[in-house]
Every structure is written in C-alpha cells, then in structure tokens.
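Student:
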Ligand SMILES: *Cc1c(COP(=O)(O)O)cnc(C)c1O
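In our numbering, the protein residues as written are 251 to 644.
#1: Got a sec? Which residues, its chain only, sit under 6 Å from residue 431 by beta carbon, not counting five neighbours each side?
#2: Could you name the residues of the same chain whose beta carbon sits closer than 6 Å to that of residue 604, not counting the 5 residues immediately before and after it, in chain order?
#3: How many angstroms separate the CA atom of residue 289 from the CA atom of residue 618?
#4: Can you round the beta-carbon distance between residue 398 and residue 317 to whole angstroms, since I take them to be within the 8 Å contact cut?
#5: Going by CA-CA distance only, name the one from 315, 306, 312, 353 that's closest to residue 325.
#6: Have a look at residue 599 and residue 260 and give me their C-alpha separation to the nearest angstrom.
#7: Hey, residue 505 and residue 441 are a contact pair by Cβ (cut 8 Å); roughly how many whole angstroms apart?
#8: Would DSSP call residue 439 helix, strand or coil?
#9: What is the DSSP secondary structure of residue 393, reduced to helix, strand or coil?
#10: My guess is that residue 358 and residue 335 are in contact by the Cβ rule of under 8 Å, so how many angstroms apart are they, rounded?
#11: Is the separation between the beta-carbon of residue 341 and that of residue 587 shorter than 7 Å?
#12: Return the chain-ordered list of same chain residues with a C-beta closer than 7 Å to the C-beta of residue 626, the five sequence neighbours on each side being excluded.
#13: Got a sec? Which residues, its chain only, sit under 8 Å from residue 282 by beta carbon, not counting five neighbours each side?
#14: Thinking just about the alpha-carbon of each residue, which of 610, 568, 295 is nearest to the one in residue 591?
#15: At which residues does the beta strand (DSSP E) containing residue 360 begin and terminate?
#16: Can you check DSSP and say which residues form a bridge with residue 339?
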C-alpha cells in the first residue's frame, strides 16, 4: 500500500515515523562491531543526555526490548528484598511498576488517585514523611491509560531533599514533555523507542544518575538477571561511547541506526523546541476535541498530557468507536484503564506526527466522522478549523 492508502497510526505508540528514521531502520543490518554502528551508538548515547537534559556524569543505557524491559531493568537493579518504595499511582503503568517492585521483594506504599486525577505533590510529601525511611520514589510521567501527566519536578526535588532515589517512567513522555533530569535531580528517567521519541518499537532506553548507579553497586541481595544487569551493560555503553565497541549481548543494530537519526532530528531544533511543539499540538488537539463537543478523561486542564488525548465516548459505552474512526483512515486506540475501559478511547499525537499538521488534521476529521457514524452529532469542519487556528498561533 502507498502511504496515503495505509491507515494513519495515531495510537499512543507505536507511532508514525519520519522518512529519515524509516530509511535508517530499513537499511541492511550492520555488525554490532562496525565503525558505522559504533558511531551511531556513540551519537545516540550523547543525544540521549541532551534529550533527557541529563548531566555529563549520568549514564544512558540502550537495550533491545520495550518500555517494559526498561522498567524491569530499573527495578531489578534498584530494588531487592527489604527495599522501601513509594509509588505515585496514576493508572495502568503505575500498577505495572508496583507489581515489578513487589516481585523484587520491595515493600511498596502506594499513593493513589482515581482515574483522571493525580495525587497533589503535598499529598506525596506527607506520605513520604509518614512512611519514614523510603529508598525509592517512582512515578509515571504521562500515564498512557488516562492521558494524565504528573509534574515530575516537585517529586524529583522532594526525593533529592530526602536522599531518596527517584525513578520516572517517561515511556509516553520522553521527547514530548518537559523533563530536566539534571536540574531537578531526578535519578532515573526511562523510556521506549516507539512513543514520543518517534522510532519503531524495539528499544528500551534509560538514563541513570551516579546516585542510581551507586545504589546498584551497594546491592547486598542477589544480582539482577544477567541481561538486565547494569554491571554487565555499563562497560558496553562506555565502550561504545569511547568508540571501541565491546560485546556482551547483540544490540538491535537496525534500531540503533534509526535511534541515532531520530534523536538527531529531535535535536536539530533542540529539545526545548520539540517540547514546545508538543505543547502547541496538545493545545490544538484539545481545542479540536472541544469543538466536537468531547471531554477528556484528565480531570483538570493542567493534568492533560500533550502527547496523547484520552477522550470520553460521547455515545453508549457498548458502542465501539475505534473501528468506525478507523474506517475513515486513522487508527486510534481503545481504553486501557480497567475501571473505565469501555467508556473512553485514546488518540496519540506525538513524535513525527506532531510535526505534520496534515496528519493531525486527518486525525481530527476521522474522529469526528467516525463518531458521527456512531450517531453523535458534531461539526467536523469547525473542529479542523479550531485545530488549525491553535496550530498557527505559533
Ligand atoms: C507504553 C508504556 C509502557 C510499556 O511500554 P512497552 O514498550 O509497551 O513495554 C510503560 N509505561 C508507559 C507510561 C507507557 O506508555
């Protein structure tokens, strides 16, 4: 199929990728020891520090797998029996990391919010004080099941104040939402290739601070599984950055080649411009949803992520809206949060698609037309006009 026949992929990952990334990904696989791949790996690691706004002494890791692999890597290096963790829970993926922490033997205190809400930083502060000694604080930057964004800054600063190691799941945020790892003193920011970074699926990505690495080094309990152990990968990451490749386990070479290109595209105008673009796109998509007469799952405007929208169905929850929208050429996603699953749907607007107003316009039109086919009266042209008006505000 030609690109115009293919449905547009506007789910919260995987996402549409740029032509440059597609070319790099589609090239013949290289040896993991070749000069070209080594250069791509080295540039990727350096670019990650820039995209993550991480300090020079922080350590990026690139591993084959997905966001869940990155989560497991972090948990298995930082948690062991007896570790005390506090988790800020905003949805499906917060539950996942809590389960991982418990499997690692950690005691976990959860600070929960109903679907569409996020705990206030003061509530987290009180919970930390009540919990007494806490080793790890974990939070999901953007919860992909609700479209809710937490503000990581006060949480990272609180952790730093208290000598707690902070971990943020940025899988649906990194590259599209503001995150300042060094300035805020965050310890781990983990992500995956196929969301706001705009790459194909297949890589887990994370940057760890010196404090986080020191915590791994001070472990007394059993070592992490070998393929997830920072101690195994640290020499490999350092070797690639020194442009002297070293083997431990074969990296996903096609994806690393694509990663170097994709991060390079993000950094062409700088990460701040990329985040500002997603803010503008987030505002424009929300203006379009309002013009259609739709409401978001995120309970308050400041909680709305800019990388995706989770939207209440304006029709009976029994009615599938995803296929009718798909019939207009745009793939969106159903609900994921177990408490509200049937009542909403999700639209991704991150990565390469955020740079292409035509893709955003097609998406708004398809959502409006699809919902109209489900019996919902709405003004599709007004929604597209609202989108364009917001996008052109610059
Ligand atoms: C998608 C996602 C994950 C899981 O990533 P996979 O690549 O599907 O394993 C974890 N956390 C968040 C916030 C996500 O959006």
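Every residue gets a Cβ at the ideal spot worked out from N, C-alpha and C, and that includes glycine. Remember, predicted model here, so these are calculated numbers, not experimental data.
Tutor: Let's see:
#1: Translated into positions along the chain shown, residue 431 becomes position 181. Excluding sequence neighbours, residue 431 sits near 302, 303, 304, 439.
#2: For the purposes of this step, residue 604 is taken as the residue at position 354 of the chain shown. The answer, listed in chain order, is 527, 528, 531.
#3: Within the chain shown, the letter at position 39 stands for residue 289. Within the chain shown, the letter at position 368 stands for residue 618. Taking the straight line from one Cα to the other gives about 45 Å.
#4: Translated into the one-based positions of the chain shown, residue 398 becomes position 148. Translated into the one-based positions of the chain shown, residue 317 becomes position 67. That belief does not hold up - the Cβ atoms of residue 398 and residue 317 are roughly 17 Å apart, past 8 Å.
#5: Sequence index remark: in the chain shown, residue 325 carries index 75 (1-based). Measuring from the Cα of residue 325, the nearest candidate turns out to be 353.
#6: Counting from 1 along the chain shown, the entry for residue 599 is found at position 349. Counting from 1 along the chain shown, the entry for residue 260 is found at position 10. The alpha-carbon atoms of residue 599 and residue 260 are separated by roughly 7 Å.
#7: Counting from 1 along the chain shown, the entry for residue 505 is found at position 255. Counting from 1 along the chain shown, the entry for residue 441 is found at position 191. A Cβ-Cβ separation of about 13 Å leaves residue 505 out of contact with residue 441 under the 8 Å criterion.
#8: Taking the chain shown and counting its residues from 1, one reaches residue 439 at position 189. Looking at residue 439 - three-state DSSP - the assignment turns out to be strand.
#9: Translated into the one-based positions of the chain shown, residue 393 becomes position 143. Strand.
#10: As a first step, residue 358 is located in the chain shown; it is residue number 108 there, counting from the start. As a first step, residue 335 is located in the chain shown; it is residue number 85 there, counting from the start. Correct: roughly 5 Å between the Cβ atoms.
#11: Taking the first residue of the chain shown as position 1, residue 341 is located at position 91. Taking the first residue of the chain shown as position 1, residue 587 is located at position 337. It is a contact, given that the beta carbons lie within the stated cut-off.
#12: Counted from its first residue, the chain shown places residue 626 at position 376. Answer for residue 626: 564, 565, listed in chain order.
#13: Sequence index remark: in the chain shown, residue 282 carries index 32 (1-based). Same-chain partners within the cutoff: 495, 497, 500, 501, 503.
#14: The count along the chain shown starts at 1 and reaches residue 591 at position 341. With distances taken between Cα atoms, residue 591 lies closest to 568.
#15: Start at 1 with the first residue of the chain shown, and residue 360 comes out as number 110. Start and end: 357-362.
#16: One-based indexing of the chain shown puts residue 339 at position 89. For residue 339, the pairing in a beta bridge is given by DSSP as 362.
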